[in-house]
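Throughout the sequence shown, residue numbering follows the working numbering, covering 71 to 466 in sequence.
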Amino acid sequence: MDFMFNISPIVKLIVIFIVVIFLIRKRLSLGAALTIGSILLGLWFRLSPTKIGASILGSVLAQRTITLCAVVALILVLSHSMKRTGQLERILTSFRGVSRNIRINLAIFPALIGLLPMPGGAIFSAPMVSEIGNQKALTPEQKTLINYWFRHIWEFFWPLYPGVILTCALSGIDIWHFMLLQSPLTVVATCIGYITQLRSVPVYKLVSGSDSKRPVRDFLTELNPILLVIVGVAFLSVLLRIFADIWPVLNSARKEIPLIVALIISIGWVWWRNRIQLADIRKVLFNRALFSMLIMIVAVMVFQGVLQDSHAVSEISRSFTSAHVPLVIVVVILPFLVASITGITVAFVGTTFPIIFTLLADAGLAGQIRAYTVLAFCAGYVGVLLSPFHICLVLT
């Protein structure tokens with residue numbers, strides 16, 4: 071039995087990852103798989119069952135976990151509300167009158183859907199991309215790649231994505247700083263998409279209508295919920311900082327508060343404008359996907375808590391050091407492998423980032439956490455896009 075405990079910490083970690091990924095591939099939810107992985111991790115690193123229970127309870131009840139769950143829940147409620155009321159489809163329909171350039175429309179329709187985090191969201195824009203592509207006899211492969219690529223250009227930095235929110239929570243990086251760091255990658259991805267996919271499409275413009283202002287106005291009206299979140303977060307963040315100078319007690323307020331308030335306002339606006347029925351509200355709030363995501367977020371925080379309390383990462387760090395494995399390789403390979411196998415951003419962030427950030431701290435590189443976070447996120451996201459298990463790819 072002692073032999074099992076004396077195995078290299080790196081081997082233990084690899085085995086735990088294999089178990090978690092095996093369970094996910096066997097259709098067990100990511101939340102359940104991570105919870106099992108957390109218990110296995112604690113036991114294998116000599117944490118008693120009592121201490122494992124205390125670690126799990128402490129992680130579940132932590133203020134950061136509760137705040138994170140609130141943010142993710144509100145984001146998904148907004149997304150599902152816009153889908154259920156038809157506002158999502160109206161955004162796409164209203165944009166048809168704004169741009170009459172076939173290249174722009176091919177990219178914008180999936181990009182607009184990409185502004186909202188929705189599993190399999192690419193299926194909404196796929197018919198429109200297909201319709202436009204048929205006008206220029208694009209192959210199914212071309213249409214698939216265009217829809218898939220431009221659907222995912224925002225997830226590097228867009229603050230409505232759970233993967234981005236979770237990354238900021240785990241790393242401690244301010245959401246605005248993270249957006250600033252990552253947004254150039256969206257520009258690069260857009261340019262790559264244009265050069266490789268759109269430049270060869272012949273320029274084709276539809277005949278312009280008589281009133282060019284109304285389509286723009288209609289489009290912005292339908293886009294209001296997203297604009298409310300962006301403007302609301304910016305305004306409330308500035309307001310919080312101003313009043314924090316007057317009342318220092320506000321300095322202890324969670325930085326997610328502006329986002330939470332802005333999301334509540336946006337959801338209220340969607341419900342009011344669309345005159346949503348009580349039955350529809352019930353279906354939005356008691357959505358299986360919503361609860362699955364919340365369980366997943368809690369499981370990620372539990373995994374991080376057990377990692378810290380068992381001192382597993384310290385042992386792993388010493389093993390990597392003694393094996394002379396460059397940290398940069400670990401930062402790239404771990405997220406990429408998990409992402410390639412799962413096809414889910416939250417999965418690679420939740421399982422590998424707690425390990426990576428603790429390794430950075432142990433190596434005295436905490437001051438470079440932003441650079442390593444960008445590298446790890448990019449490596450993982452490349453894995454997500456290449457994964458054959460990515461639901462958007464399958465649906466497209």
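Beta carbons are placed, not taken as given, at the ideal position from N, Cα and C, and that holds for glycine.
Looking only at Asn-344, Met-371 and Leu-146, the smallest Cα-Cα distance to Leu-127 is reached by Met-371. Separation of the CB atoms of Thr-137 and Val-368 is rounded to 12 angstroms, and the pair is thereby denied contact status at 8 angstroms. Rounded to whole angstroms, Pro-119 and Ala-181 show a C-alpha spacing of 47 angstroms. DSSP lists no beta-bridge partner residue for Asn-76. Setting aside the 5 residues that flank it on each side, Gly-263 is surrounded in the same chain by Ala-177, Ile-216, Trp-219, Phe-220 and Ile-223, each with a C-beta closer than 8 angstroms to its C-beta; the list follows chain order. Rounded to whole angstroms, the separation of the alpha carbons of Leu-162 and Thr-155 is 14 angstroms. Under the three-state reduction of DSSP, Asn-204 is assigned to helix. Here Asn-357 carries a coil assignment [DSSP, helix/strand/coil]. When C-beta atoms of the stretch 383-391 are compared with those of the stretch 104-114, fewer than three pairs fall below 8 angstroms, so the two segments do not count as touching. In the displayed model, Asn-217 falls within a helix according to three-state DSSP. Looking at the backbone, the Cα of Val-444 and that of Phe-248 are separated by about 8 angstroms. Across the set Ala-436, Ala-441 and Leu-455, the C-alpha of Ala-441 shows the shortest separation from the C-alpha of Gln-252.
A straight line joining the alpha-carbon of Pro-295 with that of Pro-229 spans about 14 angstroms. A distance below 7 angstroms separates the beta carbons of Val-419 and Leu-236.
Here Met-363 is not near Leu-100, since their CB atoms are 7 angstroms or more apart. By the C-beta density criterion, His-460 is buried, having at least 16 other C-beta atoms within 10 angstroms. Counting the other CB atoms within 10 Å of its CB gives Arg-287 a total below 16, which places it among the exposed residues. With a cutoff of 7 angstroms on beta-carbon distance, Ser-164 and Phe-289 are scored as near each other. By the beta-carbon neighbour count (other beta carbons within 10 angstroms, threshold 16), Glu-211 is exposed. Burial state of Ser-270 is exposed, judged by a 10 Å Cβ sphere holding fewer than 16 other Cβ atoms. Between the alpha carbons of Val-454 and Ile-316 lies a distance of about 45 angstroms. Distance from the CA atom of Pro-232 to the CA atom of Cys-238, rounded to whole angstroms, is 10 angstroms. For the pair Gln-378 and Pro-424, the Cα-to-Cα distance works out to about 9 angstroms.
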